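Peer 1:
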Amino acid sequence: MATMKDIARAVGVSLTTVSNVVHGNYDRVSPQTVARILEAIEQMHYVPNMSARALVSHSSRIIAFLETHSPQETYAGNGFAGVLLSGLESVVTDHGYFLMMRRGTDEATLRLMLNNWNPDGVIFKDCVPQSLVSFVQKQGKPCVAINTYLDDPQLIQVRASDHEGGRIATEHLLSLGHRDILFVGAVHHGFSNNDQRYLGHCDALRAAGIEPRPGNLINSLHPFGAERGIALGHQLAKQKHFTAICVSGDQYAVAIMAGLREGGVRVPEDISIIGFDDVDIARMCYPPLTTIRQDGIGKGKRAAEAIFSLIAGESPDPADFTLPVELIVRGTTAPVRTTG
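As numbered in the numbering used here, residues 18 to 357 make up the sequence shown, in order.
Structure (structure tokens):
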């Protein structure tokens, strides 16, 4: 098996130069030399010994990505999660690190995983408890959270302008004459992005002189499955008291729309519907989905960049990690129908 000494001898450079390239420190080596070393690595089938590297450098070269969702949930029903991961992983790879992902709701298991693998940094996503964040912080490890609203002013929390997104989605429906609007999403965790979207929805209603009704909140799509969304669409097709639906995610919205259609309801002629995220399915469904766009790739990249800034000893301002949102009007929203 080839070693770094073999690579250095074949290329005619120092062992330190080869080590810099293997560790991803390309800024210390000329592009021409990097190319020659990488070619030799490929030709000689060199495989770095990650365990030995970790012992010498006191660095695992691992970034842990923890989602506090059930491992039984799949990304097949959540296009935005895949988009976010793509942005995150691209930055991690560019830094010569590896991304280790774990999903689970058992905090003890997650703590054991962090202890066993000793990652250099931790990125949390969604409804992570403060106790788990504090556990990582007490170990002196850099950590960042995505889609959270924890009461921790020192924690970098990368998120979209969720409250504004919920507000402008509802304002769009109100501008079309809708007054009885349902909101669908997993809310009431207290510190999640869906909570903020719902609060923005309620604020828009109150600004229009409409008091939000508890019965217009449907809090039943977590964990999400296409069948559950379609079934909810079937149920809603039998109801007549509302004219529009504001949904906290595009996947949810498209599934509900399919159920409405199967139940004989036309979108947007009978019911208007608006989503959140602007993932590919929003443009591919028919009619194309009106939605709130957020930058999923950018959100993942910002979280990874923040981790590496912290690893480098920098102190980014936690207030700088809220990304803008934008209303994208397509074919699923229309003026409310008048009778008579």
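Quick reminder that beta carbons are idealized off the backbone N, C-alpha and C, glycines included.
Nothing here was measured: the structure is a model prediction, and the numbers come from that model.
Please list the segments of the alpha helix (DSSP H) lying wholly inside the region 272-312, counting only runs of 4 or more residues, in order along the chain.
Peer 2: Those alpha helix (DSSP H) runs which fall completely within the region 272-312 and span 4+ residues are 297-301.
Peer 1: By alpha-carbon positions, which one of Ala177, Ser148, Lys257 and Gln213 ends up nearest to Asp197?
Peer 2: The candidate whose alpha carbon is nearest that of Asp197 is Lys257.
Peer 1: Taking only three categories from DSSP, how would you classify Val353?
Peer 2: Correct three-state label for Val353: coil.
Peer 1: For Gln174, write down the residues that DSSP places opposite it in a beta bridge.
Peer 2: Answer by DSSP bridge pairing, in chain order: Ala162.
Peer 1: Assign Leu72 to buried or exposed, taking buried as 16 or more other Cβ atoms, counted over all protein chains shown, within 10 Å of its Cβ.
Peer 2: The predicted model places Leu72 with a pLDDT of 47, which falls under 50 and marks its position as unreliable; any figure quoted below should be read in that light. So Leu72 ends up on the exposed side.
Peer 1: Pick helix, strand or coil for Val139, following the three-state DSSP scheme.
Peer 2: Of the three classes helix, strand and coil, the one that applies to Val139 here is strand, per DSSP.
Peer 1: Quick one, are the C-beta atoms of Ile290 and Gly246 less than 8 Å apart?
Peer 2: For Ile290 and Gly246, no; Cβs fall outside 8 Å.
Peer 1: As a quick exercise: from Asp294, His62, Val64 and Pro341, pick the residue whose alpha carbon is nearest that of Cys263.
Peer 2: The shortest Cα separation from Cys263 among Asp294, His62, Val64 and Pro341 belongs to Asp294.
Peer 1: State yes or no: is the C-beta of Cys144 within less than 8 Å of the C-beta of Ser209?
Peer 2: Closer than 8 Å, so yes.
Peer 1: Can you grab the Cα-Cα spacing for the pair Ala320 / Ile314, in whole Å?
Peer 2: Spanning the two alpha carbons is a distance of roughly 10 Å.
Peer 1: Count the other C-beta atoms from every protein chain shown that fall within 10 angstroms of the C-beta of His205, then say buried if there are 16 or more, exposed otherwise.
Peer 2: Flag for His205 reads exposed.
Peer 1: Figure out for me which residue from His251, Glu188, Asn211 and Val38 has the closest Cα to the Cα of Gly226.
Peer 2: Taking only the C-alpha atoms, the option nearest Gly226 is Glu188.
Peer 1: What does the Cβ neighbour count give for Arg26, buried or exposed, with the cut at 16 atoms within 10 Å?
Peer 2: When all chains shown are included, Arg26 counts as exposed.
Peer 1: Which residues in the same chain have their Cβ closer than 6 Å to the Cβ of Thr179, if we skip the five residues on either side of it in sequence?
Peer 2: Note on identity: in this sequence residue 179 is Asp, with Thr being the wrong assignment. The answer, listed in chain order, is Asn210, Gln213 and Arg214.
Peer 1: Which same chain residues end up closer than 8 Å to Glu286 when comparing Cβ atoms and leaving out the 5 residues on each side of it in sequence?
Peer 2: Closer than 8 Å at Cβ, skipping near neighbours: Ala351 and Arg354.
Peer 1: What residue does the alpha helix (DSSP H) around Ala336 start on, and which one ends it?
Peer 2: No alpha helix (DSSP H) contains Ala336, which DSSP labels as neither H nor E.
Peer 1: Helix or strand or just coil, what does DSSP make of Cys219?
Peer 2: Three-state DSSP puts Cys219 in a helix.
Peer 1: Do you know how far the Cα of Tyr114 is from the Cα of Ser265?
Peer 2: Their backbone Cα atoms lie some 33 Å apart in a straight line.
Peer 1: Considering Val38, what are the terminal residues of the alpha helix (DSSP H) in which it resides?
Peer 2: First-last of the alpha helix (DSSP H) with Val38: Leu32 to Val39.
Peer 1: Whose C-beta lies closer than 7 Å to the C-beta of Val150 among residues of the same chain, with five residues either side of it excluded?
Peer 2: Only Phe141, Cys160, Ala162, Leu167, Asp169 and Leu172 meet the Cβ criterion.
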